[in-house]
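See below for the structure under consideration.
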């Protein structure tokens, strides 16, 4: 992947309404946070406080160990699914995977009574996912059962419109706290703006950034980004009082480097496939 690292990071957002929003792909009642948004100018990320304020986050596990993040969504028919990155699940058997919800900690903590783990019954990668260019980097996992929703576990809304340049959003995950560091033991969050497609192409190269299925986000000076272990996690923005899943942590040149914004699957561009997939499974 030409030195690129498949990764995830943390941001948070508050944003105004968009006039021509389309009907929601996901069921009503989604995207409700249990706490306040972090300061939109946080650099480098911080532990999520209060715990469980982003109740859609899940830890994707292979043979019981954390490998990627992801998000709980619910179809209009009321069925739960898990959205993550295709590079996390490509070539992986569903019977090796599980998803842990309702957890603030990356590893199992006996006192965390809110935590629930479900096995994965099916992995559905985007049919046009390209492991070389990382285009269409999204996967939907069919869970073995329905999640009992609570203040610690509830779905996020899917993107109802396209993003705009400068829109502030949030990213969360248990990934490494520096490019060569250790995984976080507690859920981290950070905030940063979405950049224009032209800026993304300039910073990342037009042969690496494909605007038909990617968006990028970051600060010119770096300092805030996703990293290894964050891949597949949610990049979400507040719109009309609810939080919408705008992107999926995908890749980056290192982590938090100046002039190297993080890249996400663009959920708005991928909405048709997501909608048809969750409504037919």
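In mature numbering (1 follows the signal peptide of the UniProt record, and there is no 0), the protein residues as written are -17 to -1, 1 to 264.
Yeah, the Cβ is synthetic: ideal placement off N, Cα and C, and Gly gets one too.
Nonlocal neighbours in the same chain, by C-beta distance under 8 Å from residue i, ignoring five residues either side
i           : result
residue 184 : 192, 194
residue 128 : 101
residue 26  : Confidence at residue 26 is low in this model, with a pLDDT of 31, below 50, so the placement of that residue is unreliable and no value is reported for it.
residue 47  : 81
residue 24  : Model confidence at residue 24 stands at a pLDDT of 29, short of 50, so the residue's coordinates are unreliable; what they give is reported in the following sentence. Excluding positions up to five away in sequence, the list reads 174.
Anticipated Cβ contact below 8 Å, residue i with residue j, distance rounded
i           : j           : result
residue 58  : residue 157 : The pair is not a contact, with the Cβ atoms about 26 Å apart (cut-off 8 Å).
residue 145 : residue 251 : 5 Å
residue 175 : residue 200 : 5 Å
residue 106 : residue 75  : 7 Å
Spatial neighbours of residue i in its chain, beta-carbon cut-off 7 Å, leaving aside the 5 residues before and after
i           : result
residue 165 : 159
residue 88  : 95, 168, 169
residue 2   : Any reading at residue 2 must be qualified, since the residue scores a pLDDT of 35, below 50, and its modelled position is unreliable; the value itself is stated next. Cβ within range, chain order: n/a, list empty.
residue 215 : -10, 43, 51, 52, 53, 67, 68, 71, 231, 232
residue 73  : 108, 112, 114
residue 163 : none
residue 16  : 36, 37, 226
Cα-Cα separation, residue i to residue j
i           : j           : result
residue 319 : residue 172 : This structure cannot settle anything about residue 319, because the visible part of the chain is limited to -17 through 264.
residue 217 : residue 68  : 10 Å
residue 151 : residue 177 : 6 Å
residue 161 : residue 247 : 19 Å
residue 189 : residue 123 : 27 Å
residue 202 : residue 220 : 17 Å
residue 9   : residue 204 : 36 Å
residue 196 : residue 245 : 14 Å
residue 91  : residue 32  : 19 Å
residue 209 : residue 238 : 6 Å
residue 61  : residue 255 : 18 Å
Contacting residues, own chain, Cβ-Cβ under 6 Å from residue i (five flanking each side not counted)
i           : result
residue 111 : 119
residue 138 : 13, 39, 55, 56, 57
residue 22  : The predicted position of residue 22 is uncertain, since its pLDDT is 38 and thus under 50; no value can be drawn from it.
residue 64  : 56, 123, 261
residue 136 : 38, 84, 85, 130
residue 241 : 204, 205
Beta-carbon proximity of residue i to residue j, cut-off 7 Å
i           : j           : result
residue 225 : residue 14  : yes
residue 37  : residue 155 : yes
residue 85  : residue 97  : yes
residue 103 : residue 131 : no
residue 79  : residue 45  : yes
residue 140 : residue 30  : no
residue 125 : residue 264 : yes
residue 142 : residue 257 : no
residue 121 : residue 253 : yes
residue 198 : residue 249 : yes
Original post:
For the region 135 to 198, which segments carrying the beta strand (DSSP E) assignment without a break, of at least 3 residues, lie completely within its bounds, in sequence order?
Top reply: Whole beta strand (DSSP E) segments, 3+ residues: 151 to 156, 171 to 176.
**OP:** Go through the region 188 to 262 residue by residue and report every complete run of the alpha helix (DSSP H) that reaches 4 residues or more, in order.
**Re:** 254 to 261
**OP:** Write down every uninterrupted run of the alpha helix (DSSP H) in the region 43 to 101 whose length is 4 residues or greater and which is fully enclosed by it, in chain order.
**Re:** 69 to 72
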